[in-house]
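Notes follow the structure.
There are 2 protein chains.
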Amino acid sequence: MSLTPVRANELPAMLTVDEALSQILADLTALAGESTELSESLGRVLAEDLVSDIDSPPHDKAMVDGYAVRVADLDQDQVELQVNEEITAGQVPSLEVTAGTASRVMTGAPVPEGTEAVVMVEQTELTEKDSGQTVRMPRQQLSVGINIMQRGTSMRRGDQVLAAGTTVRPIEIGLLAEIGRENVLCIPFPRVAVLSTGNELVAAGDLPGPGQIRNSNGPMLAAQVHRCQAEAIQLGIVRDDPQELGQLINTGLDADILVLSGGVSAGVLDLVPAALAAEGVDEVFHKVELKPGKPLWYGRSHRHGRQVHVFGLPGNPVSSLVCFELFVRPLMDSLAGRARIGMRCRQALLQSNFKQRGDRPTFHPAYYEDSESRVTVEPVRWQGSADQRALTRANCLAYFSAGQQEFPSGSAVPIYLFDA
Amino acid sequence: MSLTPVRANELPAMLTVDEALSQILADLTALAGESTELSESLGRVLAEDLVSDIDSPPHDKAMVDGYAVRVADLDQDQVELQVNEEITAGQVPSLEVTAGTASRVMTGAPVPEGTEAVVMVEQTELTEKDSGQTVRMPRQQLSVGINIMQRGTSMRRGDQVLAAGTTVRPIEIGLLAEIGRENVLCIPFPRVAVLSTGNELVAAGDLPGPGQIRNSNGPMLAAQVHRCQAEAIQLGIVRDDPQELGQLINTGLDADILVLSGGVSAGVLDLVPAALAAEGVDEVFHKVELKPGKPLWYGRSHRHGRQVHVFGLPGNPVSSLVCFELFVRPLMDSLAGRARIGMRCRQALLQSNFKQRGDRPTFHPAYYEDSESRVTVEPVRWQGSADQRALTRANCLAYFSAGQQEFPSGSAVPIYLFDA
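These protein sequence lines are chains L and A, in that order. The first sequence: position 222 = 343 (the working numbering), numbered continuously. The second sequence: position 74 = 195 (the working numbering), numbered continuously.
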């Protein structure tokens, strides 16, 4: 036996964050598209190209309230035109606009045959006469087409108006409604099951006894899932008992992703990897060169032809949160078909000197401010990975590479933004 | 009668966008806090200060799996200590660590009385002997406190850990669970009713007849409400009929905000302002110096001691979307108690020359890109406020002030970002 430090648990060499993420995203395809109610499609990615079934606008359309006229009639000393009819939105014109006549049209209404321009109502004066209504307006030289939007200007029937891969925002919902889609083929959000492990855990509603703490990871991780627009399946707390653990893992494997917290560090009661193996989950990696979050475990299982992704996150809340953001979230984004995955990254200038402790690259809770000209960042004081209170003062993670010990004030460092 | 342009509808002078927004936000207080389930609190603003009911950690706690020791014992030629017991997370120690002894502890477990430091398990070797277990480890000079997180380091019982006004993110959910809150006093999201008006409208599922178009504003506005994390109450489509309109307005006034689209421009069938007046809604303003969106109508009503905010948005989809983002959204944010309200604004450099047409300040659909060093923006080609297809190519609104006609490439212009 050697009395020099034994580091057997760190062999083989740990994966870097990028290598770990590559393995998670390897051979990945987005979930299969499914028919989705329009109101449920917000935030999802389209799984079909969409073609318009109509011309938009469907008719040459008045862009203002006013009078449909022929332009030659306006270029006269005295302009007074016979009013044919009034056409409101939803009606159709019955009379052609001919020389010496005008039709009153409302915004959005179809303009009659013969219309060359629409004169805004604010420029006109209507007069009742025995012979009917006439309208007067100032002499002007109008271009043909003024205040008219031509049929099909925005889109024509048969045009492809949205492509598969587009993320649905409110404006896309509007366009989908315009082309008559009450349902649309979308990639669903992945289903994510969350399970907290550990004999020390009690529910938030309970008062912890000696040696116990409340389960904060379960609610936090469920909220992180929710932030990615998916619904979390909350499986609660499980004791460090192989049988109980096996049953709940088995339930969790019905989801697309199973996230466990706790039970993956080196201790004798770290049963999670063994229990996962027993349920047919193959380990892809265990441990990542990262602080906080080194004990991260990741594996995959196949169920009914589906791939299920399984994460064993470290039990400390800050490690758990960081591992979710760095690894689970990009996977969720990828399965949901998103082009941009994971946290947004920016460069920021350190506000004060920072001393990197330890030999692993560190994602340190930090607070950034974005002014007109530059982004600055200040690491928050924290007491390590169990100090979730400190994290409430952070709005990002600042990245410090391993090795370099001192980062002087003014250094540019990458920051990874939390959602607002 | 004068034959010069009559502009009676534009008197008195129109409000600017800032003036209009000031009137909307005048005398505003956030909605009253209500007890909210922890899982429902995500994104809401806390309406109470929160105090911890526990010390965290609740005990001096092992930060690693390893052995709890006295430091003097480690500074010996040969370090071999008698193992007292093993303490896993959730257990409590029964024996004191005294000179010559060590207790095996798991991450998160309480360390025994007498513990001065924890040595990582990777540095140790356990041996079974007749006299019990002993553990060997390398000689080292350890500081007191290594690998121990002291009771109460993160927070102490009675500490205020979150203040009223804080927005609840996943990390706050974790902290709230840690301090035992299953329910928390939060400001609710406002309830927003959406009603589309116009004889020309048919539902998305119907094929429009001559002169008709599908109702795209209703679904789009509901999605915009949803994006602000609130639920939309969808009241559907109403004809240009005073009685029908009155009934649905009356229903909509049960919400905190009623958003109508259509029926506010100058035409004879623009019944909305009259119908709102008949239901006891007082006009605050009508028309804003803005393109698109000039005909915007805003008023307030009082119901059962509550203030109800009513918007009449122009019927054109792009106008509707822009007015929602510029006026309804900041109101929703304010009612929800948020400190930062409305769209995020940045400065961007124009990619090509832009010619401002018209005499109103313009919010033009545009596409921005954010590179390492600068933000650039390119207005998208659009055919005016009915062209919602063009808006699907935009990710922001670029602001062009009135008056100035040419904005050369490279000009800095404010941009207002859509949600991703």
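Note that CB positions come from ideal geometry on N, CA and C, so glycine has one too. Treat the numbers as computed from the prediction; the structure is a model and nothing was measured.
A straight-line Cα-Cα distance of about 21 Å links L:I462 and L:F521. Around L:H180, the beta-carbon contacts reaching into chain A at under 8 Å are P331, G332. The C-beta of A:R424 has fewer than 16 other C-beta atoms within 10 Å across all chains shown, which makes the residue exposed.
Between L:A298 and chain A, the shortest Cβ-Cβ separation is below 9 Å. Exposure of L:G253 is indicated by the presence of fewer than 16 other C-beta atoms within 10 angstroms of its C-beta.
Any Cβ of chain L closer than 9 Å to the Cβ of A:H407 would place that residue at the interface, and such an atom is absent.
Runs of the beta strand (DSSP E) spanning 3 or more residues and lying entirely within the segment 504-528 of chain A occur at 517-521, in chain order. Using a 10 angstroms sphere on the CB of L:A147, the tally of other CB atoms stays under 16, which defines it as exposed. Rounded to whole angstroms, the Cβ separation of A:V323 and A:N336 is 7 Å, and the two are in contact under 8 Å.
Residue-level contact by beta carbon holds for L:D540 and chain A, with a gap shorter than 9 Å. If you draw a straight line from the Cα of A:Q261 to the Cα of A:A189, it is about 14 Å long. Residue burial annotation: L:E321 is buried, with at least 16 other C-beta atoms found within 10 angstroms of its C-beta. A distance below 8 Å between beta-carbons, with the five flanking residues on each side excluded, links A:P435 to the following residues of its chain, in chain order: S382, G383, V385, S386, P413, G414, K415, P416, L417, S441, C444, S506.
Contact holds between the segment 497-511 of chain A and the segment 265-277 of chain L, because three or more Cβ pairs, one in each stretch, are under 8 Å apart. For L:D170, the closest C-alpha among the options L:D196, L:V218, L:A284 is that of L:A284.
In terms of beta-carbon proximity, L:M276 lines the interface with chain A, with at least one pair separated by less than 9 Å. Less than 9 Å separates the beta-carbon of A:P311 from that of A:L456. The alpha-carbon separation between A:E155 and L:L316 amounts to approximately 29 Å. Boundaries of the beta strand (DSSP E) harbouring L:V429: 427-434, taken from the DSSP string. A straight-line Cα-Cα distance of about 14 Å links L:S492 and L:E499. Counting C-beta atoms within 10 angstroms of its own C-beta, A:T236 has 16 or more neighbours from the protein chains shown and is therefore classed as buried.
Interface with chain A (9 Å Cβ-Cβ cutoff): L:P231 is included. Residue environment analysis places A:A298 among the buried positions, since at least 16 neighbouring C-beta atoms fall within 10 angstroms of its C-beta.
The Cβ atoms of L:R450 and L:C349 lie closer than 9 Å to each other.
Residue contact check for A:T157 against chain L: no CB pair falls below 9 Å.
At a cut-off of 9 Å between beta-carbon atoms, L:V496 makes no contact with chain A. Counted as a single uninterrupted DSSP element, the alpha helix (DSSP H) harbouring L:T372 occupies residues 363-373. Selection L:S494, L:Q428, L:H180 evaluated against L:P231 yields L:H180 as nearest (Cα-Cα). Here L:K476 is exposed: its Cβ has fewer than 16 other Cβ atoms, across all protein chains shown, within 10 Å.
Taking C-beta separations shorter than 7 Å and ignoring five residues to either side along the sequence, the partners of A:M135 in its chain run K408, V409, E410, following chain order. Here the segment 218-232 of chain A lies against the segment 197-208 of chain A, with 3 or more beta-carbon pairs under 8 Å apart. Taking the beta carbon of L:E493 as reference, the chain A residues within 8 Å of it are Q468, listed in sequence order. Against chain L, a Cβ distance below 9 Å from A:I175 picks out L328, P329, I334, R335.
Going by C-alpha positions, L:I300 is about 11 Å away from L:D280.
Of all residues in the segment 353-381 of chain A, the ones placed with a Cβ closer than 9 Å to any Cβ belonging to chain L are A353, Q355, R360, D361, in chain order.
When the alpha-carbon of A:G420 is set against those of A:S160, A:Q144, A:T288, the nearest one is in A:Q144.
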